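For the sequence shown, our numbering gives the first residue as 34, with consecutive numbering after it. Every residue gets a Cβ at the ideal spot worked out from N, C-alpha and C, and that includes glycine. Because the structure is a prediction, the values reported are computed rather than measured. Structure, as structure tokens:
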Amino acid sequence: MTDTLTLLAPAKLNLFLHIIGRRKDGYHLLQSAFQLIDWCDSVTLCRTSSNRITRINPVPGIAEADDLVVRAATLLQRECDVAMGAEITLNKVLPVGAGLGGGSSDAASTLIGLNHLWNLGLSRPELMALGLQLGADVPFFIHGSNAFVEGIGEAIQAISLPEQGFIVIFPNRGIATKALFEHPELTRDHAPITIDRFLASPLPHQAYINDCQAVAMQICPEVKDAIDWITGALPSAKPQMSGSGSSVFAALPSQLDGASAAALLQNLPREWIGRIVRGINKNPAYNSISSD
């Protein structure tokens, strides 16, 4: 059995995000469709004989104790009473605070990989339950396929989505999730929809909205700037924000070839980050786990 694994950690898009209520403990009840995309960080895990969890390369602005990959490894080690440790190297490509789930995906890949390296034999549902302690999006990435997600992120139903292209723009300014969800103008009473109604929509990613977007544009005007930029570049597009922002995305027209799509990014404002991506149906982290 190998001592080292490298796993991809893909981003996701929220094709819509509705807030349908709020629990007594303050957590918001959501409905969303999560689309995996082929824009990925990577996590390299090396099993060690000591019980230390070590982050090899620092992530700017994130203390080691706060890094989700370290927290994930420490949680798994503690919950399973593991005597071994790990060295973790995170190749961070996805922008931080972009609403793309990068940190959650990194944590999920860490749990998936260490479950294998430490030979723990935890099932996917068991890993998902642990992941929920780290963040609402972590169980989705462990689940491993596109999904209709409800509750606070724990109710996950697999769905099949077309592997279409998207343009994703991060205007290089993040949004504090806490400030957004505490905002008094945030919609919290969106009428629930069913998974069948969502899937029956001809263009489901264009038929529904992100309830966080209006408030996000107040907190971070760059969100509207990114929406306007995509609309200017692709007049037929219907861009919207992903998750709690501040990344904005739109589906690419099917007739737009790869070269033409890439050319759109040549006029991107300086310091913004843009990417042409494709939807994928499975989390590629599992490709590194030969026994999965």
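Sheet register partners of residue i (DSSP bridge)
{"i": "D103", "result": "Strictly speaking, residue 103 in this sequence is Val, with Asp absent from that position. Partner(s): none; V103 has no beta bridge."}
{"i": "K45", "result": "L69"}
{"i": "E183", "result": "Q64 and A188"}
{"i": "L50", "result": "S65 and N243"}
{"i": "V201", "result": "F282 and R308"}
{"i": "R55", "result": "H61"}
{"i": "V92", "result": "I95"}
Secondary structure of residue i, DSSP reduced to three states
{"i": "G312", "result": "strand"}
{"i": "S178", "result": "strand"}
{"i": "T87", "result": "strand"}
{"i": "S277", "result": "coil"}
{"i": "T122", "result": "strand"}
{"i": "V129", "result": "coil"}
{"i": "T37", "result": "strand"}
{"i": "L78", "result": "strand"}
{"i": "I226", "result": "coil"}
{"i": "A266", "result": "helix"}
{"i": "G168", "result": "coil"}
{"i": "I322", "result": "coil"}
{"i": "S293", "result": "helix"}
{"i": "L109", "result": "helix"}
{"i": "K257", "result": "helix"}
{"i": "Q288", "result": "coil"}
{"i": "P317", "result": "helix"}
Residue j beta carbon less than 8 Å from that of residue i
{"i": "H51", "j": "D244", "result": "yes"}
{"i": "N47", "j": "S275", "result": "yes"}
{"i": "L108", "j": "I185", "result": "no"}
{"i": "A127", "j": "I200", "result": "The sequence as given places Leu at residue 127; Ala does not occur at that position. No, the Cβ-Cβ distance between L127 and I200 is not below 8 Å."}
{"i": "G118", "j": "S83", "result": "yes"}
{"i": "T165", "j": "E187", "result": "First, the amino acid is wrong: residue 165 is Leu here, not Thr. Yes; because the gap between Cβ atoms is below 8 Å, this pair is in contact."}
{"i": "V310", "j": "W151", "result": "no"}
{"i": "A44", "j": "G134", "result": "yes"}
Residue i, enclosing alpha helix (DSSP H) - first and last residue
{"i": "L163", "result": "R157 to L165"}
{"i": "T220", "result": "Unbroken run through T220: none, as it is neither H nor E."}
{"i": "S137", "result": "G135 to L150"}
{"i": "V115", "result": "No alpha helix (DSSP H) contains V115, which DSSP labels as neither H nor E."}
{"i": "L213", "result": "T210 to F214"}
- Query: Is the stretch 154–161 touching the stretch 116–133, taking contact as three or more C-beta pairs under 8 Å?
  - Reply: no
- Query: So does the stretch 159–178 actually touch the stretch 132–148, counting three or more Cβ pairs closer than 8 Å?
  - Reply: yes
- Query: Given 8 Å as the limit, is there contact between the stretch 61–71 and the stretch 180–191, that is, 3 or more CB pairs closer than that?
  - Reply: yes
- Message: For the pair the stretch 38–54 and the stretch 212–224, tell me if three or more CB-CB distances fall below 8 Å.
- Response: yes
- Task: Kindly confirm or deny that the stretch 71–80 and the stretch 205–220 touch, where touching means at least three C-beta pairs closer than 8 Å.
- Result: no
- Stretch pair the stretch 211–218 + the stretch 243–261: three plus CB contacts closer than 8 Å: yes
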